[in-house]
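Scroll down for the structure; my scribbles are underneath it.
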């Protein structure tokens, strides 16, 4: 059985995490699942993603749980700035 990989893309705001992820993950790491609350929010409300940030975060966590249960390779990005990482 092959163990799945979890890729954590971390860095400060504006560092280019999302931009780099769209190239590095699928092309170099062969990772096709990128879970990103900001991108989810843009999908829910393209003109006001900040208004659905909480909902997007909840959806992101549900997706992460699903991918873990399915033992899938995936990545997510973070600034590691919130208390939940301490």
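Residue numbers (my numbering): 252 to 337.
Ideal placement from N, C-alpha and C gives every residue a C-beta, glycine not left out.
Residue burial classification, residue i (beta-carbon count within 10 angstroms, cutoff 16)
{"i": "residue 268", "result": "buried"}
Length of the line joining the Cα atoms of residue i and residue j
{"i": "residue 314", "j": "residue 285", "result": "10 Å"}
{"i": "residue 316", "j": "residue 325", "result": "11 Å"}
{"i": "residue 310", "j": "residue 318", "result": "12 Å"}
{"i": "residue 256", "j": "residue 327", "result": "11 Å"}
{"i": "residue 259", "j": "residue 296", "result": "25 Å"}
{"i": "residue 265", "j": "residue 304", "result": "17 Å"}
{"i": "residue 299", "j": "residue 289", "result": "11 Å"}
{"i": "residue 253", "j": "residue 281", "result": "14 Å"}
Residue nearest to residue i in terms of C-alpha spacing, selected from the options
{"i": "residue 225", "options": "306, 273 and 280", "result": "In this structure the chain extends from 252 to 337, so residue 225 is not present and cannot be described."}
For this session: Starting from the N-terminal side, write out each stretch of the alpha helix (DSSP H) that is 4 residues or longer and does not extend beyond the stretch 261-291.
Result: 268-274
For this session: Can you check the stretch 300-334 for any alpha helix (DSSP H) of at least 4 residues that lies completely inside it and give the ranges in chain order?
Result: 304-320
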